Amino acid sequence: QPVLAVVGRPNVGKSTLVNRILGRREAVVQDVPGVTRDRVAYDALWNGRRFTVVDTGGWEPGASGLQGSVAAQAELAMSTSDAVLLVVDATVGATTTDEAVARVLRRSKRPVLLAANKVDDERLLAETASLWSLGLGEPHPVSALHGRSSGDLLDAIVDALPEAPRDLGTTAGGPRRVALVGKPNVGKSSLLNKLTGEERAVVDSVAGTTVDPVDSLVELDGQLWRFVDTAGLRKRVQTASGMEYYASLRTKSAIDAAEVVIVLLDASEPVSEQDLRVVTMVAEAGRALVLAFNKWDLVDDERRHQLDRELDRGLVRVPWAERVNVSALTGRAVRKLAPALRTALQSWDQRVPTGQLNGWLSDLVAATPPPVRGGKQPKILFATQAGIRPPTLVLFTTGFLEAGYRRFVERKFRERFGFKGSPVRINVRVRE
Ligand code: GDP
Numbered sequence: 034q035p036v037l038a039v040v041g042r043p044n045v046g047k048s049t050l051v052n053r054i055l056g057r058r059e060a061v062v063q064d065v066p067g068v069t070r071d072r073v074a075y076d077a078l079w080n081g082r083r084f085t086v087v088d089t090g091g092w093e094p095g096a097s098g099l100q101g102s103v104a105a106q107a108e109l110a111m112s113t114s115d116a117v118l119l120v121v122d123a124t125v126g127a128t129t130t131d132e133a134v135a136r137v138l139r140r141s142k143r144p145v146l147l148a149a150n151k152v153d154d155e156r157l158l159a160e161t162a163s164l165w166s167l168g169l170g171e172p173h174p175v176s177a178l179h180g181r182s183s184g185d186l187l188d189a190i191v192d193a194l195p196e197a198p199r200d201l202g203t204t205a206g207g208p209r210r211v212a213l214v215g216k217p218n219v220g221k222s223s224l225l226n227k228l229t230g231e232e233r234a235v236v237d238s239v240a241g242t243t244v245d246p247v248d249s250l251v252e253l254d255g256q257l258w259r260f261v262d263t264a265g266l267r268k269r270v271q272t273a274s275g276m277e278y279y280a281s282l283r284t285k286s287a288i289d290a291a292e293v294v295i296v297l298l299d300a301s302e303p304v305s306e307q308d309l310r311v312v313t314m315v316a317e318a319g320r321a322l323v324l325a326f327n328k329w330d331l332v333d334d335e336r337r338h339q340l341d342r343e344l345d346r347g348l349v350r351v352p353w354a355e356r357v358n359v360s361a362l363t364g365r366a367v368r369k370l371a372p373a374l375r376t377a378l379q380s381w382d383q384r385v386p387t388g389q390l391n392g393w394l395s396d397l398v399a400a401t402p403p404p405v406r407g408g409k410q411p412k413i414l415f416a417t418q419a420g421i422r423p424p425t426l427v428l429f430t431t432g433f434l435e436a437g438y439r440r441f442v443e444r445k446f447r448e449r450f451g452f453k454g455s456p457v458r459i460n461v462r463v464r465e
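Just so you know, we're using full-length UniProt numbering here: the sequence shown kicks off at 34 and counts up by one.
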């Protein structure tokens, strides 16, 4: 979701205005340096538009002098957000610091809005006209304390922000889409038959229904699921589709069409390169993942230990995947598939509120800061969860983060917030 950064001198009422924007009463009103340090970013909602508000008062850019530090704040704000809101104190008018910051902001390629705060009565309204001199367009008079005109300001803010990008794989409701994939002979059609046989397929590949004729609607555990591209699986005798190129194209398109993917593996055989390729394909497509180990009826203790070792090595990229051990032949644990699918999809749909995310992140970074690179210590300013399906985090930083540190952040993020069964993407936006 788009980001609005709020900048301004201390005591102009930034934090109070941020609380206004967030529609909250309890305010972190002291502009004492450090007061808002560990909570800098929040979710806001206005007219159905979601955005993230960043209070730059929490940043300590470290430049000397007030003017320098507020200007540095503005620089950071410009490079990490989609729009900037400059707050000035209407009872004081434009100070030389405000002018210096406005000079910086006028270079911004993104929209800049100007709020004249503390317009608590009519007399001050006339004064705000002088703020046109800052060269940032129309000053929006507000009283953060009394709530005056904050609706007009919010309208202007959401107009200035870009529309949030649509989440990948968003569905218009209806049964959730499942792909069942895996290399030949792992038991895909046996499993599908078991699922539809025991639990009765509601619509079985009937042309002319709302379901594509290649899909199957299957009821599992009291819930309807849409298994995509099952036409090929239904034929017990498979045609000469042994051509691997064709098979992998088909697998790719089934994964793309699905929200959650069951990768079926043959537990009685060594995990193969081909299995791992399919797993990687799912993670890269950003789909929720359930690993189902089939033919468990053939697995003895020795094979089980062997399999554990193979998985430790082979599945390092997807330690978060949901796992079930089934037998399409005997029906063993087949009923555990639906709960696993539900867990994975819940994670795929999950959103961590921005305030919570940043509270956690500031503790993490304080305990384990990113490694120094080229003599510089990269700082993580704040983070937002930009999207779901798959969950995607954006870290706003002052420098490049090494892949190792990003993996560390992901591991800690999962320890704190879960996301079992879903890939999580972590993007880093470095200030320009
Ligand atoms: P597909 O190519 O993935 O669709 O695999 P099939 O469903 O055609 O199954 C391949 C072979 O494995 C068939 O001979 C099945 O009877 C057998 N099979 C499937 N599931 C199981 C299972 O759970 N246990 C055992 N022992 N055999 C299975």
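Note that the Cβ used here is the ideal one computed from N, Cα and C, for glycine as well. Quantities reported herein were computed from a predicted structural model and do not represent experimental measurements.
- Task: Whole angstroms is fine: what's the gap from Val-65's alpha carbon to Arg-209's?
- Result: In this predicted model, Val-65 has a pLDDT of only 41, less than 50, meaning its place in the structure is not dependable; the value taken from the coordinates is given anyway. For Val-65 and Arg-209, the distance between alpha carbons rounds to 50 Å.
- Task: Return yes when at least one heavy atom of the ligand GDP lies under 8 Å from the C-beta of Ala-287, else no.
- Result: no
- Item | Neighbourhood of Pro-172 by C-beta, 6 Å cutoff - its chain only, sequence neighbours within 5 removed | Leu-147, Ala-149, Thr-161, Leu-164
- Item | heavy atom of the ligand GDP below 8 Å from Leu-331 C-beta | yes
- Task: Can you give me the Cβ contacts of Gly-41 inside the same chain, cut-off strictly under 7 Å, excluding the 5 residues immediately before and after it?
- Result: Lys-47, Leu-119, Val-120, Val-121
- Task: Count the other CB atoms, across all protein chains shown, that sit within 10 Å of the CB of Gly-207; report buried if there are 16 or more and exposed otherwise.
- Result: exposed
- Nearest-angstrom Cβ-Cβ length linking Phe-429 and Phe-415, presumed shorter than 8 Å: 5 Å
- Message: Within 8 Å, do at least three Cβ pairs link the segment 304-318 to the segment 346-360?
- Response: yes
- Look at Ala-361 and Leu-257 and say whether their C-beta atoms are less than 9 Å apart. no
- Message: I believe Thr-284 touches Val-251 by the beta-carbon criterion, under 8 Å. Please report the beta-carbon distance rounded to the nearest angstrom.
- Response: About 19 Å; that fails the 8 Å criterion.
- Task: Measure how close the beta-carbons of Val-152 and Val-175 come, nearest whole angstrom, since I'm counting them as under 8 Å.
- Result: 6 Å
- Message: Distance check for Val-36 and Gly-215, CA to CA, integer angstroms please.
- Response: 41 Å
- Item | Where Leu-146 falls: helix, strand or coil (DSSP) | strand
- Message: Just list the residues that DSSP pairs Gly-420 with in beta bridges.
- Response: Thr-425
- Task: Just the C-alpha distance for Arg-447 and Ser-380, rounded to the nearest angstrom, thanks.
- Result: 11 Å
- Message: For the alpha helix (DSSP H) containing Thr-113, name the first residue and the last one.
- Response: 98-113
- Message: Nearest by alpha-carbon distance to Phe-452: which of Asn-327, Arg-384, Glu-196 is it?
- Response: Arg-384
- Item | Segment limits, alpha helix (DSSP H) that includes residue 466 | Examination of residue 466 is not possible in this model, given that the chain is present from 34 through 465 alone.
- Message: Rounded to the nearest angstrom, what separates Ser-286 and Val-405 at their Cα positions?
- Response: 42 Å
- Query: Taking Cβ positions only, does Ala-318 come closer than 9 Å to chain B?
  - Reply: Among the chains of the structure shown, chain B does not appear; only one protein chain is present.
- Excluding the 5 residues preceding and the 5 following Arg-439 in the sequence, name in chain order all residues of the same chain whose CB lies nearer than 6 Å to its CB. Ile-459
- Task: Would you please state the rounded distance, in angstroms, between the beta carbons of Trp-393 and Arg-449? I believe it to be under 8 Å.
- Result: 5 Å
- Query: Apart from the five residues on each side of it in sequence, which residues of its chain come closer than 7 Å, Cβ to Cβ, to Ser-166?
  - Reply: Ala-127
- For Leu-298, is the beta carbon positioned less than 8 Å from some heavy atom of the ligand GDP? no
- Give the C-beta separation of Val-137 and Glu-108 to the nearest angstrom, bearing in mind that I take them to be a contact with Cβ-Cβ under 8 Å. 6 Å
- Message: Using the three-state DSSP reduction, which class does Val-385 fall into: helix, strand or coil?
- Response: coil
- Query: Does the beta-carbon distance from Asn-358 to Val-219 come in below 9 Å?
  - Reply: no
- Any non-hydrogen atom of the ligand GDP within 8 Å of Lys-221 CB: yes
- Task: Jot down the residue ranges of each uninterrupted beta strand (DSSP E) in the segment 287-356, minimum 3 residues, whole runs only, in chain order.
- Result: 293-299, 321-327
- Query: In angstroms, rounded to a whole number, what distance separates the CA positions of Leu-50 and Ala-399?
  - Reply: 28 Å
- Message: Buried or exposed for Glu-335, going by 16 or more other Cβ atoms inside 10 Å?
- Response: exposed
- State yes or no: is the C-beta of Leu-374 within less than 9 Å of the C-beta of Val-211? yes
- Other residues of its chain near Arg-83: CB distance less than 8 Å, five sequence neighbours each side excluded: Gln-34, Asp-76, Ala-77, Ala-197
- Using the beta-carbon count (16 or more within 10 Å), is Glu-231 buried or exposed? Confidence is the limiting factor: at Glu-231 the pLDDT is only 47, short of 50, which leaves the residue's position unreliable, though a coordinate-based value still follows. Result: exposed.
- Hey, out of Glu-317, Ser-281, Arg-53, whose CA is closest to Val-293's CA? Glu-317
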